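There are 2 protein chains.
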Amino acid sequence: MKTADDIIDFILHGGEQYLPHLTIDSAIFGYHAQQLKILLVKLHGEDGWGLPGGFVKKQETFREAAGRILAERTGIENLFLQQFYAFGDSPYRRREQTVADLQKKVGPWLTITDDNWLLGRQISIGYYALVDFEQVSVQTDLLVEDYRWWDIQDLPHLLYDHNDMVNKALETIRLQLYHQPIGANLLPDKFTLPEIHILYETLLGKSLDRRNFPRKLFSLGLLNKLDQQRPIGPHRAPNLYEFNKANYQKALEEGIVLVM
Amino acid sequence: MKTADDIIDFILHGGEQYLPHLTIDSAIFGYHAQQLKILLVKLHGEDGWGLPGGFVKKQETFREAAGRILAERTGIENLFLQQFYAFGDSPYRRREQTVADLQKKVGPWLTITDDNWLLGRQISIGYYALVDFEQVSVQTDLLVEDYRWWDIQDLPHLLYDHNDMVNKALETIRLQLYHQPIGANLLPDKFTLPEIHILYETLLGKSLDRRNFPRKLFSLGLLNKLDQQRPIGPHRAPNLYEFNKANYQKALEEGIVLVM
DNA sequence: CCAAAAGTGTTGGAATTACACCCATGG
DNA sequence: CCATGGGTGTAATTCCAACACTTTTGG
Chain A
1 MKTADDIIDF ILHGGEQYLP HLTIDSAIFG YHAQQLKILL VKLHGEDGWG LPGGFVKKQE
61 TFREAAGRIL AERTGIENLF LQQFYAFGDS PYRRREQTVA DLQKKVGPWL TITDDNWLLG
121 RQISIGYYAL VDFEQVSVQT DLLVEDYRWW DIQDLPHLLY DHNDMVNKAL ETIRLQLYHQ
181 PIGANLLPDK FTLPEIHILY ETLLGKSLDR RNFPRKLFSL GLLNKLDQQR PIGPHRAPNL
241 YEFNKANYQK ALEEGIVLVM
Chain B
1001 MKTADDIIDF ILHGGEQYLP HLTIDSAIFG YHAQQLKILL VKLHGEDGWG LPGGFVKKQE
1061 TFREAAGRIL AERTGIENLF LQQFYAFGDS PYRRREQTVA DLQKKVGPWL TITDDNWLLG
1121 RQISIGYYAL VDFEQVSVQT DLLVEDYRWW DIQDLPHLLY DHNDMVNKAL ETIRLQLYHQ
1181 PIGANLLPDK FTLPEIHILY ETLLGKSLDR RNFPRKLFSL GLLNKLDQQR PIGPHRAPNL
1241 YEFNKANYQK ALEEGIVLVM
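Residue numbers (my numbering), protein chains in the order written: chain A, 1 to 260; chain B, 1001 to 1260.
In structure tokens:
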């Protein structure tokens, strides 16, 4: 989706390639400077910020679509991606998109006819992703006017029902945190104990004991201690750790019970 | 949906009233004779058993649709209903329904044209419900040829991806059990400790200590002891309990942490 | 040598588990 | 009176939470 012609073709004939009335929207969480952030985009023709999203190709799985959309936006492939909810109930989504609505969005250069595939009620399936902030480089293009990482404490009013989506995604992540390990996709390969500690605190929104917290991860065999330190200015250099991939994978599949 | 004419109208013109390409399917669990059961239906024109489902009206929420479909099938209203997943990835769902497929299903009396609203890829949103087995009376009609409660241990091969749906629903319920109370909709208003005990064991698929189990429910204030017993043949009559509605509701909303 | 952050062990209390005997009932 | 299932308390253990001082580093 690069040139203006491509976009015109998408608006008029996208229905030949994509499923109509269904989008995937992704809450992409990244972690940086001890802050949990979420990636929002601003599209040309839209008035505010929203979650990055896209349509599902007719032969594609939801999962593949979510991965493709994410790769298009962030450049990262093979992410931890999880479906968290299907959205269709908000007043915005129950009101059908009319010819006039759509015409207003696309501007006067295109004429929308009443059989356009984008008309009607749109539902959305939400996926969340946890990414290493530093690996992401967002591409702006003819669709995406701007993008930005936002503190989740400090979100603006988002388009449509996207605030609901963010809240539901966070709620799901917090619950999942008690049954699955999280972090392998939010942190760099090698990280320090304070880093993962603050990550968990940020996700759960509460403070965790500095001495007890690592014990739980160790007792589950999730961490390997490395023989390296990271210099961090005029302070004691913290040790580096990595996830024990085998145990991490096992914990993902079989589930764990964490009490924090 | 009662007469043959209604059904013909539904097949030909349902798209005017319902959202195309989207169904709601419900995993309706009931509990009886110390067995967790699931309600399956067999539709006219289909070869096997599947979950009861239906379409969403254009102005209806998913939630309302799930409730309406459930009420139509079981006669129960105002149920505990929970969305658990959106299904669209299985090979069956990615293969589009063709004119020939649909024609075969509806039989030779109707002619399916290539603009029929039922053609194409169908996705489904799964809801689960927990119901009191005894309150349910299923109606057969021109669509539903037969219905039956099945032991979940003993399910047949279901239509399409419905086995996946049942498994995902069970998995979700088991996880939810640790964070929300369950039972008010599966048990009669008054029940005995052994009944709720075996219910939890059945849902979790593991045995729970007969003396420790009730203590947890009591410590959360979920149960009121009644001054009644239930005669059960030549044995000691077990006491009856009811849920403490206020605490139950609070636990539902705020969440709990159960370790079992 | 100083400021800032990392690292590390122990203890008291709470929560969880494990376990066995008596009671009530209807036939 | 007997077979069956219901009811109940305690002790041992494990798990969890709370807590403060020492070490390292660069400036």
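Beta carbons: idealized from backbone N, C-alpha and C, even for Gly. Predicted, not measured: the structure shown is a model, and the values here were computed from it.
Annotation: the continuous alpha helix (DSSP H) that includes S219 of chain A extends over 212-219. Residues of chain A whose Cβ lies closer than 7 Å to the Cβ of D1101 of chain B do not exist, since the nearest Cβ in that chain is about 16 Å away. Taking a C-beta distance under 8 Å as the contact criterion, F1080 of chain B and A1129 of chain B qualify as a contact pair. Interface flag for F80 of chain A against chain B is unset, since no Cβ pair is found closer than 8 Å. Contact annotation: in the segment 83-117 of chain A, residues whose CB is within less than 8 Å of a CB in chain B are Q83, Y85, A86, G88, D89, R94, E96.
Contacts with chain A at 8 Å (Cβ-Cβ) do not include H1162 of chain B. For the segment 12-24 of chain A, the set of residues with a beta-carbon nearer than 8 Å to any beta-carbon of chain B comprises L19, P20, H21, L22, in chain order. For A1246 of chain B, the number of other beta carbons within 10 angstroms of its own is below 16, and it is reported as exposed.
In the structure shown, E60 of chain A adopts coil according to DSSP, grouped into three states. When the alpha-carbon of P1156 of chain B is set against those of B:H1021, B:L1240, B:D1047, B:E1253, the nearest one is in B:D1047. K58 of chain A belongs to the set of residues whose beta carbon lies under 8 Å from a beta carbon in chain B. Contact annotation: G1120 of chain B and H1021 of chain B have beta-carbon atoms nearer than 8 Å. Within its own chain, the residues whose Cβ lies closer than 6 Å to the Cβ of Y1178 of chain B, once the five positions on either side in sequence are excluded, are L1258, listed in chain order. Restricting attention to A:Q83, A:P231, A:E195, A:W117, the CA atom closest to the CA of Q35 of chain A is found in A:E195. The Cβ neighbour count for K1037 of chain B, taken over all protein chains shown within 10 Å, is at least 16; the residue is labelled buried. H1179 of chain B belongs to the set of residues whose beta carbon lies under 8 Å from a beta carbon in chain A. Per the Cβ contact rule, the segment 1066-1076 of chain B is not in contact with the segment 1108-1119 of chain B (fewer than 3 Cβ pairs under 8 Å). Taking 8 Å as the threshold, the shortest C-beta distance from L1204 of chain B to chain A does not fall below it. Boundaries for H1044 of chain B: no alpha helix (DSSP H) harbours it, and the DSSP string shows neither H nor E there. Burial state of L51 of chain A is buried, judged by a 10 Å Cβ sphere holding 16 or more other Cβ atoms. Taking the beta carbon of I232 of chain A as reference, no residue of chain B falls within 9 Å; the closest one sits roughly 36 Å away. If one requires a minimum length of 3 residues, the beta strand (DSSP E) runs lying completely within the segment 15-39 of chain A are 18-32, in chain order. At a cut-off of 3 residues, the continuous stretches assigned as beta strand (DSSP E) that sit fully inside the segment 153-241 of chain A are 223-229. Three or more pairs of CB atoms, one per stretch, sit closer than 8 Å, so the segment 1084-1091 of chain B contacts the segment 1161-1171 of chain B. DSSP links G1050 of chain B through a beta bridge to B:V1041. Close to chain A, meaning a Cβ-Cβ distance shorter than 7 Å, are the following residues of the segment 1170-1199 of chain B: L1175, H1179. Identification of chain B residues near T3 of chain A by a Cβ-Cβ cut-off of 7 Å yields none; the smallest Cβ-Cβ distance measures about 28 Å. Beta-bridge annotation (DSSP): L1258 of chain B is not paired with any residue. Annotation: Cβ neighbours of I1125 of chain B in chain A (cutoff 7 Å, chain order): A86. Under the three-state reduction of DSSP, E1096 of chain B is assigned to coil, being neither helix nor strand. Q1139 of chain B sits in coil when the DSSP states are folded into three classes, being neither helix nor strand.
The CB of T74 of chain A never comes closer than 8 Å to any CB in chain B; the least such distance is about 22 Å. Secondary structure of G1067 of chain B (DSSP, three-state): helix. The beta carbon of R68 of chain A does not come within 8 Å of any beta carbon belonging to chain B, so the residue lies off that interface. By the 16-neighbour rule on beta-carbons within 10 angstroms, S1137 of chain B is exposed. DSSP, reduced to helix, strand and coil, places L1130 of chain B within a strand of the structure shown.
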